[in-house]
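A.B. asks: Taking this note's numbering, the leading residue of the sequence shown gets 7, the next gets one more, and so forth.
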Amino acid sequence: MTRVDTFCHNRRKDNMREVRKMAGEPEVKGIVEDIIYHNEENGYTVFTIDCDGEEITCVGNTSFLADGEYVSLKGNYVTHMEYGMQFKFEYCEKVLPSGKQNILRYLASGIVAGIRESTAKKLVDAFGENVLNVMMDEPERLSMISGISHDRALKISESYIQIRGAQDLVMFLQEYGVSVNIATKIYKKFGPKAKDLILKNPYMLTEQIRSIGFKTADQIAMNMGISYNDPNRIRASVIFMMQSAAMNAGHTYLLRDELERHIIEMIGVSDVECDNAITELLAHHILVLENAKMGERIYLSSYFEAETEIACSLYELSQNVYDSVKAPEIGQEIKEIEKERDITLAPEQEEAVYHAMNHGTLIITGGPGTGKTTTINTILQIFTHHGMTVALTAPTGRAAKRMSELTGMEAKTIHRLLEISFSDDDDNHFVKNEEHPLDEDVIIVDEMSMVDTLLFASLLKAVRKTSRIIMIGDCDQLASVGAGNVLEDVIKSNQVRVVSLSKIFRQAEESMIVVNAHRINEGYMPILNKSGKDFFFLTKTDPDSIVNSLADLCKNRIPKQYKVNPIYDIEVLCPTKKGTVGSVNFNMVLQQTLNPPSKRKSEKKHGNRIFRVGDKVMQIRNNYNVAWTKIDSDEEGIGVFNGDLGFVNAITKDGVTVMFDDDKIVVYDAARLEELEHAFAITIHKSQGSEFPIVVMPIYNAPMVLITRNLLYTGVTRAKSLIILVGKRDVLEAMIENNTEKNRYTGLYDKLKNCTEEK
7 MTRVDTFCHN RRKDNMREVR KMAGEPEVKG IVEDIIYHNE ENGYTVFTID
57 CDGEEITCVG NTSFLADGEY VSLKGNYVTH MEYGMQFKFE YCEKVLPSGK
107 QNILRYLASG IVAGIRESTA KKLVDAFGEN VLNVMMDEPE RLSMISGISH
157 DRALKISESY IQIRGAQDLV MFLQEYGVSV NIATKIYKKF GPKAKDLILK
207 NPYMLTEQIR SIGFKTADQI AMNMGISYND PNRIRASVIF MMQSAAMNAG
257 HTYLLRDELE RHIIEMIGVS DVECDNAITE LLAHHILVLE NAKMGERIYL
307 SSYFEAETEI ACSLYELSQN VYDSVKAPEI GQEIKEIEKE RDITLAPEQE
357 EAVYHAMNHG TLIITGGPGT GKTTTINTIL QIFTHHGMTV ALTAPTGRAA
407 KRMSELTGME AKTIHRLLEI SFSDDDDNHF VKNEEHPLDE DVIIVDEMSM
457 VDTLLFASLL KAVRKTSRII MIGDCDQLAS VGAGNVLEDV IKSNQVRVVS
507 LSKIFRQAEE SMIVVNAHRI NEGYMPILNK SGKDFFFLTK TDPDSIVNSL
557 ADLCKNRIPK QYKVNPIYDI EVLCPTKKGT VGSVNFNMVL QQTLNPPSKR
607 KSEKKHGNRI FRVGDKVMQI RNNYNVAWTK IDSDEEGIGV FNGDLGFVNA
657 ITKDGVTVMF DDDKIVVYDA ARLEELEHAF AITIHKSQGS EFPIVVMPIY
707 NAPMVLITRN LLYTGVTRAK SLIILVGKRD VLEAMIENNT EKNRYTGLYD
757 KLKNCTEEK
């Protein structure tokens with residue numbers, strides 16, 4: 007074709023497209039020729055189709071698309087400033103190809119597992135235009151072809167059925183406003199039966215797909231015409247309300263009257279319909295009813311069973327009394343350790359050592375600088391001397407790493423200690439349980455205030471009834487992120503021996519962080535800006551000045567003064583997530599300030615966030631199945647957990663690679679990136695169990711439930727060497743005065759008391 011011919015041909019194509027555009031043509035059809043770009047995260051795809059001999063560039067959201075497919079697209083022509091005219095589609099229907107050539111092209115594209123060009127030609131030659139029906143309905147006939155075994159024929163058929171089912175599901179859900187990304191997750195979970203299951207009960211999606219909540223399922227159901235008082239809808243709303251109460255408010259149960267009132271207000275059904283739904287869920291043991299003085303308690307069965315397990319196990323363990331090592335012998339060993347380490351234990355520390363040796367359960371509690379670590383190291387030395395094996399554990403990777411550093415012994419996260427199973431459908435995610443208990447004679451749990459009801463129940467299941475368990479924590483810190491108030495409930499029950507360490511040791515008294523933490527806990531203002539010390543307050547009165555000042559502190563002033571790395575050594579802790587002085591905004595500001603775009607740093611966009619090499623990130627939910635490897639070793643495992651902190655160290659075609667604090671390397675593909683958040687700034691709630699060299703904390707107006715004394719206390723006690731508060735002094739005073747805590751509905755205290763009374 008000459009240059010003139012080419013020019014005329016292109017001009018004719020442009021003219022035809024312009025005619026289509028001017029006509030407002032809402033639909034184009036054609037064969038997919040080339041997939042130029044596809045985003046697995048949201049399904050955004052750029053591809054070309056052959057439409058009656060004309061090449062049209064199409065853009066929009068779709069999935070499961072392959073070269074050779076015949077598609078019908080609905081949308082409109084748009085003109086892109088750089089790429090020219092394109093067809094932007096809102097709806098994509100995939101039609102089975104017809105004609106031998108189109109079918110051959112479709113199968114040769116590789117969309118069906120087990121078929122490539124040569125096999126595709128054999129199949130089309132053998133079965134003609136009926137080949138797709140044969141693959142769907144008579145797969146055994148495929149084995150008639152040379153080189154296709156019976157097993158291979160079945161796999162080819164299975165792959166084709168999955169493709170057809172996935173395409174049907176995406177198109178079906180598009181009508182109800184469900185994104186391609188979510189539709190893909192649904193198909194991966196349920197396979198070809200997904201559409202039928204959704205038609206039968208769309209609310210089952212809330213139970214099975216993590217990213218689909220009740221509101222999304224309810225929208226699908228309403229669009230499908232399901233009645234507002236459909237029993238499936240009411241039951242799903244009850245489960246949603248119970249799950250929300252656990253995840254968002256920390257309740258392990260709700261009072262029945264309160265639960266029914268919330269349901270009626272939320273979905274507008276009658277009290278009789280609501281009561282019937284709860285009764286049915288109780289009959290199927292999805293919910294459990296417990297009578298109490300204040301009324302009927304409704305539990306999700308998992309929380310009721312967990313509280314019962316904790317109460318029974320702690321009671322049994324607490325009855326164990328050991329007298330093989332006599333008090334005088336323990337006293338002599340303490341003296342030898344004191345001499346060896348040049349320390350002197352306070353009376354309550356000695357008391358803790360005696361109880362640890364003589365009883366099956368013990369709680370050691372105390373604030374910063376009160377000698378918890380010294381006490382535990384003494385206990386460890388005595389246990390080791392007597393030939394007893396000890397497991398050290400903590401709820402987060404960062405807390406476990408810190409425990410290892412302070413004791414000189416390996417500490418594992420509770421999840422790793424219990425050995426997570428691979429099955430995501432298994433109710434018990436742990437290999438270690440009552441049938442396969444932990445081997446150690448003593449289990450020591452640090453940061454016990456962070457341990458929630460479900461996790462502690464799983465741990466106790468794995469503790470042998472002849473073993474000891476020692477729990478260490480600070481009961482004045484925030485309650486666990488997960489449901490329950492385990493440490494406080496156990497202490498109040500008087501079922502377990504408790505030793506409270508209160509003496510602040512001389513070395514700790516030199517730190518204003520320690521001194522002020524105790525002052526805050528007792529309701530006094532901290533001593534601020536003492537020369538040469540480690541606790542400072544910088545007054546700023548408006549949000550923008552707080553943000554600017556804090557960014558300058560992190561980038562310039564602190565690194566220059568203290569010779570530290572601004573990303574690794576400084577953590578911004580926020581009382582709130584939202585707003586100008588919330589962690590979300592600070593992360594955007596600090597990423598731009600501390601780790602700006604660079605030609606030398608790869609990055610990946612995910613939604614409205616950009617992950618860049620060097621970014622500090624946090625895992626925001628438990629993932630029991632994600633694989634990890636240890637850096638500089640052959641160790642492998644599975645499981646990354648809520649609150650784990652790490653750094654992006656590579657971005658490749660496979661995804662974003664993160665190295666966590668405990669040296670785990672994890673690769674996040676597009677589907678799992680929603681489990682990561684930036685962590686230049688985190689909420690104080692998310693900081694529990696962690697310790698940072700330097701903490702900077704914005705202090706500004708927020709709802710009273712978020713500016714409390716124990717929130718401030720928890721934030722301050724996260725700092726190891728330096729803390730700087732930036733903001734309004736009157737808000738700081740208000741936080742110290744606000745000693746109210748949001749009440750959590752938990753039944754563990756009552757169950758522990760009942761164990762004692764029944765025995």
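We treat Cβ as the ideally placed atom computed from N, Cα and C, and that holds for glycine.
As a quick exercise: from G74, H86, I169, pick the residue whose alpha carbon is nearest that of T63.
C.D. replies: Residue numbering aside, residue 63 sits at position 57 when the sequence shown is read from its first letter. Checked all of G74, H86, I169; the closest Cα to T63 is H86.
A.B. asks: Taking the C-alpha atoms as reference points, what is the distance between N297 and G753?
C.D. replies: Working through the sequence shown from its first residue, we reach residue 297 at position 291. Working through the sequence shown from its first residue, we reach residue 753 at position 747. C-alpha separation (whole angstroms): 11 Å.
A.B. asks: Would a C-beta distance cut-off of 7 Å place D675 and G652 closer than the cut-off?
C.D. replies: Within the sequence shown, numbered from 1, the residue matching residue 675 stands at position 669. Within the sequence shown, numbered from 1, the residue matching residue 652 stands at position 646. Not a contact, by the Cβ cut-off of 7 Å.
A.B. asks: Tell me where the alpha helix (DSSP H) around N364 begins and ends.
C.D. replies: Numbered from 1 along the sequence shown, position 358 holds the residue referred to as residue 364. 353 to 364 is the extent of the alpha helix (DSSP H) around N364.
A.B. asks: Apply the 10 Å Cβ neighbour rule to Q567 and answer buried if 16 or more other Cβ atoms are within range, or exposed otherwise.
C.D. replies: Locating residue 567 in the sequence shown gives position 561, where the first residue counts as 1. Under this definition Q567 is an exposed residue.
A.B. asks: DSSP three-state label for K19, please.
C.D. replies: Here residue 19 is taken as the residue at index 13 of the sequence shown, counted from 1. Model confidence at K19 stands at a pLDDT of 49, short of 50, so the residue's coordinates are unreliable and nothing is read from them.
A.B. asks: Leaving out the 5 sequence neighbours to the left and right, which residues in its chain are closer than 6 Å to V646 when beta-carbon positions are compared?
C.D. replies: Translated into positions along the sequence shown, residue 646 becomes position 640. Q625, N629, V632, V672, listed in sequence order.
A.B. asks: For A397, report the span of its beta strand (DSSP E) as first-last.
C.D. replies: The sequence position of residue 397 within the sequence shown is 391, counting from 1. 396 to 400 is the span of the beta strand (DSSP E), which, as asked, contains A397.
A.B. asks: Out of K584, L293, T586, K622, which has the shortest C-alpha to C-alpha gap to P602?
C.D. replies: Along the sequence shown, read from residue 1 onward, the residue named residue 602 stands at position 596. Comparing Cα positions, the closest option is K622.
A.B. asks: Closest to L260 by C-alpha separation, out of I729, D236, N238, S307, would be which residue?
C.D. replies: By 1-based counting over the sequence shown, the position of residue 260 is 254. Selected option, being the one with the closest Cα: S307.
A.B. asks: Which residue marks the beginning of the beta strand (DSSP E) containing M710, and which one marks its end?
C.D. replies: Locating residue 710 in the sequence shown gives position 704, where the first residue counts as 1. That residue, M710, is in no beta strand (DSSP E); it is neither H nor E in DSSP.
A.B. asks: Where does the unbroken alpha helix (DSSP H) through G643 begin, and where does it stop?
C.D. replies: Here the question's residue 643 lines up with position 637 in the sequence shown. That residue, G643, is in no alpha helix (DSSP H); its beta strand (DSSP E) goes 642 to 646.
A.B. asks: Candidates S104, P103, G81, E88: which alpha carbon is nearest K94's?
C.D. replies: For the purposes of this step, residue 94 is taken as residue 88 along the sequence shown, with counting starting at 1. Looking at the Cα atoms, G81 is the closest of the given residues.
A.B. asks: Once the 5 residues before and after N16 are set aside, which same chain residues still bring their CB inside 7 Å of it?
C.D. replies: Sequence index remark: in the sequence shown, residue 16 carries index 10 (1-based). Reliability of the predicted coordinates at N16 is poor, the pLDDT of 46 falling under 50, and no value is obtained from them.
A.B. asks: Return yes when the Cβ of R158 is within less than 7 Å of the Cβ of G120, no when it is not.
C.D. replies: As a first step, residue 120 must be located in the sequence shown, where it is residue number 114. As a first step, residue 158 must be located in the sequence shown, where it is residue number 152. Closer than 7 Å, so yes.
A.B. asks: To the nearest angstrom, how far is the alpha carbon of P565 from that of I729?
C.D. replies: In the sequence shown, the residue the question calls residue 565 occupies position 559. In the sequence shown, the residue the question calls residue 729 occupies position 723. So the two alpha carbons sit approximately 14 Å from each other.
A.B. asks: On the premise that Y112 lies in contact with G74, defined as a C-beta separation below 8 Å, what is that separation, rounded to the nearest angstrom?
C.D. replies: Taking the sequence shown and counting its residues from 1, one reaches residue 74 at position 68. Taking the sequence shown and counting its residues from 1, one reaches residue 112 at position 106. Yes, they are in contact, since the Cβ atoms of G74 and Y112 sit about 4 Å apart, within 8 Å.
A.B. asks: Please go through the same chain and pick out, in chain order, the residues whose beta-carbon is closer than 6 Å to the beta-carbon of N745, but skip the five residues on each side of it.
C.D. replies: Here residue 745 refers to the residue found at position 739 of the sequence shown. R715.
A.B. asks: From D431 to I215, what does the alpha carbon distance come to, in whole angstroms?
C.D. replies: Numbered from its first residue, the sequence shown carries residue 431 at position 425. Numbered from its first residue, the sequence shown carries residue 215 at position 209. For D431, the pLDDT reaches just 45, beneath the cut-off of 50, and the residue's location in the model is therefore unreliable, although a value from the coordinates is still provided. For D431 and I215, the distance between alpha carbons rounds to 12 Å.
A.B. asks: Fully enclosed by the segment 527 to 568, which alpha helix (DSSP H) runs are 4 residues long or longer?
C.D. replies: Qualifying alpha helix (DSSP H) stretches, in chain order: 549 to 558, 564 to 568.
A.B. asks: Considering just the uninterrupted stretch of the alpha helix (DSSP H) at P237, what are its terminal residues?
C.D. replies: Translated into the one-based positions of the sequence shown, residue 237 becomes position 231. Looking at the DSSP string, the run of the alpha helix (DSSP H) that includes P237 is 237 to 255.
A.B. asks: Is the separation between the beta-carbon of V469 and that of M394 shorter than 7 Å?
C.D. replies: Locating residue 469 in the sequence shown gives position 463, where the first residue counts as 1. Locating residue 394 in the sequence shown gives position 388, where the first residue counts as 1. Not a contact, by the Cβ cut-off of 7 Å.
A.B. asks: Going by other Cβ atoms of all chains shown within 10 Å of its Cβ, with 16 needed for buried, is V442 buried or exposed?
C.D. replies: For the purposes of this step, residue 442 is taken as the residue at position 436 of the sequence shown. A small fix is needed here, since residue 442 is His in this sequence, not Val. Label assigned to H442: exposed.
A.B. asks: Using CA coordinates, which residue listed in E60, V553, D550 is at the minimum distance from E39?
C.D. replies: Residue 39 sits at position 33 when you count from the first residue of the sequence shown. Measuring from the Cα of E39, the nearest candidate turns out to be E60.
A.B. asks: When DSSP labels each residue in this structure, what does Q325 get in the three-state scheme?
C.D. replies: The residue you call residue 325 lines up with position 319 of the sequence shown. Q325 falls in the coil class under three-state DSSP.
A.B. asks: What residue from R262, A289, S276, R267 has the CA that sits closest to K299's CA?
C.D. replies: Taking the sequence shown and counting its residues from 1, the one referred to as residue 299 is at position 293. Of the listed residues, the one whose Cα sits closest to K299 is R262.
A.B. asks: Helix, strand or coil, according to DSSP, for K106 in the structure here?
C.D. replies: In the sequence shown, residue 106 corresponds to position 100, counting from 1. Helix, per DSSP.
A.B. asks: Under DSSP, the beta strand (DSSP E) around G733 begins and ends at which residues?
C.D. replies: On the sequence shown, position 727 is the one that residue 733 refers to. Taken as a continuous stretch (DSSP letters only), the beta strand (DSSP E) holding G733 covers 725 to 733.
A.B. asks: Is it buried or exposed for P709, if we count other Cβ within 10 angstroms and need 16 for buried?
C.D. replies: Counted from its first residue, the sequence shown places residue 709 at position 703. By the 10 Å Cβ count, P709 comes out exposed.
A.B. asks: Expressed to the nearest angstrom, what Euclidean distance is found between the alpha-carbon atoms of N434 and G643?
C.D. replies: Walking along the sequence shown from the start, residue 434 turns up at place 428. Walking along the sequence shown from the start, residue 643 turns up at place 637. Here the model assigns N434 a pLDDT of 47, short of 50, so the residue's position is not dependable, and the following value carries that caveat. The alpha-carbon atoms of N434 and G643 are separated by roughly 17 Å.
A.B. asks: On a Cα-Cα basis, can you pick out the residue from E144, T472, H524, E446 that is closest to D482?
C.D. replies: On the sequence shown, residue 482 is found 476 positions in, with the first residue counted as 1. It is H524 whose Cα lies nearest to the Cα of D482.
A.B. asks: Let's test the definition: count the other Cβ atoms within 10 Å of the Cβ of E641 and tell me whether it reaches 16, buried, or not, exposed.
C.D. replies: As a working note, residue 641 is residue 635 in the sequence shown. E641 comes out exposed.
A.B. asks: If you draw a straight line from the C-alpha of L203 to the C-alpha of L320, how long is it?
C.D. replies: In the sequence shown, the residue the question calls residue 203 occupies position 197. In the sequence shown, the residue the question calls residue 320 occupies position 314. Approximately 43 Å between the Cα atoms of the pair.
A.B. asks: Count the other CB atoms, across all protein chains shown, that sit within 10 Å of the CB of E313; report buried if there are 16 or more and exposed otherwise.
C.D. replies: Looking up residue 313 in the sequence shown gives position 307. With 16 or more other Cβ atoms within 10 Å, it is buried.
A.B. asks: Expressed to the nearest angstrom, what Euclidean distance is found between the alpha-carbon atoms of S276 and I232?
C.D. replies: Translated into positions along the sequence shown, residue 276 becomes position 270. Translated into positions along the sequence shown, residue 232 becomes position 226. The alpha-carbon atoms of S276 and I232 are separated by roughly 17 Å.
A.B. asks: DSSP on I273, reduced to helix/strand/coil?
C.D. replies: Within the sequence shown, residue 273 is the residue found at index 267, counting from 1. Reduced to three states, the DSSP call for I273 is helix.
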